[in-house]
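J.:
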Amino acid sequence: MSFDKNSYAQDRGLEESFASAFRRTALVALQIAVLMLLSAFPFNFWHMASVRPAFLLMAVYHWAVFRPRTLPPVGAFLAGLLLDLLTAGPLGLNALTLVAVQWFTKTQRRFLVGQSFLVLWLCFFLMSFAAYGFQWAMFSLFSLTLSPVRPMLAGAVVTGLFFPPMAGLMNAFNKRLSGRSPSV
Amino acid sequence: MPQKAGLSTIPFKMIGVRATPVVLVLLGLTLMVFHRTDALPIERLRTAAADVMAPVMSAVTQPFVTFSDSFEGIRTLRALKSENIRLKAENEQLQQWYEAALKFQAENQSLHDLLNVKADPSLTFVTTRVVADPGGSFVKSVLLPSGTKDKIQKGNAVMSGRGLIGRVTEAGVHSSRVLLITDLNSRIPVIIQNTRTKAVLAGKNGDLLQLERLPIDAGLEIGSRVMTSGDGGQLPPDVPIGTIVAVGKDGVFVKPLADVDSASWVQVINADVDPSLMSGEITPAMLAH
Chain A
46 MSFDKNSYAQ
56 DRGLEESFAS
66 AFRRTALVAL
76 QIAVLMLLSA
86 FPFNFWHMAS
96 VRPAFLLMAV
106 YHWAVFRPRT
116 LPPVGAFLAG
126 LLLDLLTAGP
136 LGLNALTLVA
146 VQWFTKTQRR
156 FLVGQSFLVL
166 WLCFFLMSFA
176 AYGFQWAMFS
186 LFSLTLSPVR
196 PMLAGAVVTG
206 LFFPPMAGLM
216 NAFNKRLSGR
226 SPSV
Chain B
34 MPQKAGLSTI
44 PFKMIGVRAT
54 PVVLVLLGLT
64 LMVFHRTDAL
74 PIERLRTAAA
84 DVMAPVMSAV
94 TQPFVTFSDS
104 FEGIRTLRAL
114 KSENIRLKAE
124 NEQLQQWYEA
134 ALKFQAENQS
144 LHDLLNVKAD
154 PSLTFVTTRV
164 VADPGGSFVK
174 SVLLPSGTKD
184 KIQKGNAVMS
194 GRGLIGRVTE
204 AGVHSSRVLL
214 ITDLNSRIPV
224 IIQNTRTKAV
234 LAGKNGDLLQ
244 LERLPIDAGL
254 EIGSRVMTSG
264 DGGQLPPDVP
274 IGTIVAVGKD
284 GVFVKPLADV
294 DSASWVQVIN
304 ADVDPSLMSG
314 EITPAMLAH
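What follows is the structure in structure tokens.
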């Protein structure tokens, strides 16, 4: 594995060149933009189901486990805010959810980084249910009625199931970003 | 290792990093409260964001639509001959209906004149494509790339295929957001065709819609058509929505005629909305006979 000075420096909290930081931020922003496009894409002409996975949730979880500095809480907040503006839900709900997910995952990072992929996936499933449950509760509170539970469960399950392919893609992206494997 | 920050700023930096998630969480909660209490012009912000996103999404999805259309063209090539025969037969039948319709129209007009009824203004449409479906599990809405520059207003009905699929809740210059009839917050004043019973059609975030505010002795049958009643002045009357599929103790359920979740091409009925009735809510008094 090639030694990349910038990622080495970044992981150890040392000084990083402005160009490298800018490149890193730009690439992550691009990834978030692509995922948001994917979240909003009208799949109507392929007659897909109305439930779709929460790609941004996967991205936030992945970055929080492997490279928390790349997508800091502010980044998660802004991504969530953009998603809120796109959907017609309460403003700030997705922002809040993503920040909470990033924060909680970062605290569990020490345990998660060394684990096998299966454990990582299982934890993501739990996180997905927690995030969707939280959104369901907030939504019910916002509209002062009890929202239906089935769409929430369906969304959580579908999101969890889509994690492996997305994680594979993000790992490849991560390698591009730094020139070395993220699980080191 | 020399660091840019001086010794005195290190504690602040640590607190700053630790406190950021808390601050952001509080900010998120504050935004939600502001949204709920209408303290900020959230709608305008959202419309502005949609105005930027809709053209982008339109450009991005265009190649896929073109590809899908050409694929569809290749697929139907095989059935061309049988389709042709079928269409010719259907055309002959429709010609007969057309003659009958002309006759009924003339009769209708004369009866209207006799009763001195004012005819509905002719409806105009704007045909456009759905470019974004960001809804998710809790909110059902879609984005259209046409807005006030195409004379689309807030409250306009949106149809796809054979029936109503939603109505416009926010209209920017280049975009508009449509709340689908299946969304939890959707309430449409309707009338059942056979019995002329008036009710309110509510979305339940699922495939079926539920009729609310029904009179006790409604006596509804499965298969009856449900259409907009035009009460409230927002939606034009007699727009078909769906048919009743279940009548029971849980309630009366309606299946939409149009494919609400996979609508691609839609028509927005941009008839003039009565401004004096725009902000009013649907009250039971309005539904009383």
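Going down the list, the sequences are from chains A and B.
Per the numbering used here, the first sequence starts with residue 46, numbered consecutively.
Per the numbering used here, the second sequence starts with residue 34, numbered consecutively.
Where is the CB? At the ideal position from N, CA and C, for every residue including glycine.
From a predicted model like this one, the values you see are computed outputs, not experimental measurements.
(1) Whole angstroms are fine: how far does the CA of phenylalanine 187(A) sit from the CA of arginine 77(B)?
(2) Got a sec: which bits of the stretch 248-267 of chain B sit with their beta carbon under 9 Å from any beta carbon on chain A, in order along the chain?
(3) Please compile the residues from chain B whose C-beta is within a distance smaller than 8 Å of the C-beta of serine 192(A).
(4) What's the C-alpha gap between glycine 199(B) and leucine 213(B)?
(5) Between the stretch 166-181 of chain A and chain B, which residues of the former have CB atoms less than 9 Å from a CB of the latter, in chain order?
(6) By the criterion of Cβ-Cβ separation under 8 Å, what are the contact partners of aspartate 166(B) in chain A?
(7) Could you check what DSSP says for glutamine 186(B) in three-state terms: helix, strand or coil?
(8) Distance, Cα to Cα, phenylalanine 260(B) vs lysine 114(B)?
(9) Counting only Cβ pairs nearer than 8 Å, list the residues of chain B close to threonine 132(A).
(10) So with CB distances below 9 Å, who are the chain B contacts of glycine 137(A)?
(11) Tell me whether serine 295(B) sits in a helix, a strand or coil according to DSSP, three-state version.
(12) Answer with buried or exposed for isoleucine 277(B), where buried requires no fewer than 16 other C-beta atoms within 10 angstroms of its C-beta.
(13) Which one of Ala217(A), Lys220(A), Pro193(A), Leu163(A) has the shortest CA to CA distance from glycine 205(A)?
(14) Would you mind sorting threonine 213(A) into buried or exposed? The rule is 16 or more other CB atoms within 10 Å of its CB.
(15) Report the residues of the stretch 192-213 of chain A with a CB closer than 8 Å to any CB of chain B, ordered along the chain.
(16) Alpha helix (DSSP H) containing threonine 190(A): first to last residue?
(17) Roughly how many angstroms lie between the CA atoms of valine 163(B) and glycine 180(B), to the nearest whole one?
(18) Taking only three categories from DSSP, how would you classify threonine 70(B)?
(19) Just to make sure I have the definition right: I need the residues of chain A whose C-beta is within less than 8 Å of the C-beta of isoleucine 75(B). Which are they?
(20) How would you call tyrosine 131(B), buried or exposed, if buried means at least 16 neighbouring beta carbons within 10 angstroms?
(21) Restricting to Cα atoms, I'd like to know which of Ser219(B), Asp250(B), Pro54(B), Arg108(B) is closest to lysine 237(B).
(22) From methionine 65(B) to glycine 205(B), what does the alpha carbon distance come to, in whole angstroms?
(23) Measuring CB to CB, does tyrosine 177(A) end up less than 8 Å from valine 146(A)?
(24) Among Phe179(A), Thr115(A), Val96(A), whose alpha-carbon lies nearest the alpha-carbon of serine 295(B)?
(25) Starting from valine 259(B), follow the beta strand (DSSP E) in both directions and report where the run begins and ends.
(26) Tell me which residue opens and which closes the beta strand (DSSP E) that alanine 279(B) is part of.
(27) Which same chain residues, not among the five before or five after serine 226(A), have their C-beta less than 6 Å away from its C-beta?
(28) Label leucine 120(B) either buried or exposed according to how many other C-beta atoms from any shown protein chain fall within 10 Å of its C-beta, with 16 as the threshold for buried.
(29) Are the C-beta of phenylalanine 184(A) and some C-beta of chain B separated by less than 8 Å?
(30) Measuring CB to CB, does proline 289(B) end up less than 8 Å from leucine 253(B)?
(31) If you follow the beta strand (DSSP E) that glutamine 243(B) is in, where does it begin and where does it stop?
(32) Considering glycine 106(B), what are the terminal residues of the alpha helix (DSSP H) in which it resides?
(33) Chain B partners of tryptophan 148(A), CB-CB under 7 Å?
(34) Have a look at alanine 74(A) and asparagine 139(A) and give me their C-alpha separation to the nearest angstrom.
(35) What residues of chain B sit near phenylalanine 122(A), judged by a beta carbon separation below 8 Å?
T.: On the basis of the data shown:
(1) 20 Å
(2) none
(3) Phe171, Leu217, Asn238
(4) 4 Å
(5) Tyr177, Gln180, Trp181
(6) Ordered by position in chain A, the residues that pass the 8 Å Cβ test against aspartate 166(B) are Ala85, Phe86, Pro87, Phe88, Asn89.
(7) coil
(8) One point to set straight first is that residue 260(B) is methionine, not phenylalanine, in the sequence displayed. Methionine 260(B) and lysine 114(B): Cα-Cα distance of roughly 37 Å.
(9) Pro167, Gly168, Gly169, Val172, Ser174
(10) Leu60, Gly61, Leu62, Thr63, Leu64, Met65, Val66, Phe67, His68
(11) coil
(12) buried
(13) Leu163(A)
(14) Sequence inspection shows glycine at residue 213(A); the threonine mentioned does not correspond to that position. The residue is exposed, with fewer than 16 neighbouring Cβ atoms inside 10 Å.
(15) Here the close residues are Ser192, Pro193, Arg195, Pro196, Met197, Ala199, Gly200.
(16) That residue, threonine 190(A), is in no alpha helix (DSSP H); it is neither H nor E in DSSP.
(17) 13 Å
(18) coil
(19) Those are Leu136, listed as they occur along chain A.
(20) Result: exposed.
(21) Ser219(B)
(22) 22 Å
(23) No. Outside cutoff.
(24) Val96(A)
(25) 258-261
(26) 273-280
(27) Bear in mind that a pLDDT of 40 at serine 226(A), under 50, signals an unreliable position, so the number given afterwards is only what the model happens to contain. Nothing listed; no residue qualifies.
(28) Taking every protein chain shown into account, the CB of leucine 120(B) has fewer than 16 other CB atoms within 10 angstroms, so this residue is exposed.
(29) yes
(30) Using a Cβ distance threshold of 8 Å, proline 289(B) and leucine 253(B) do not count as a contacting pair.
(31) 242-245
(32) Its alpha helix (DSSP H) spans residues 75-110.
(33) Pro54
(34) 17 Å
(35) Chain-ordered, the chain B residues with CB closer than 8 Å to the CB of phenylalanine 122(A) read Leu57, Leu60, Gly61.
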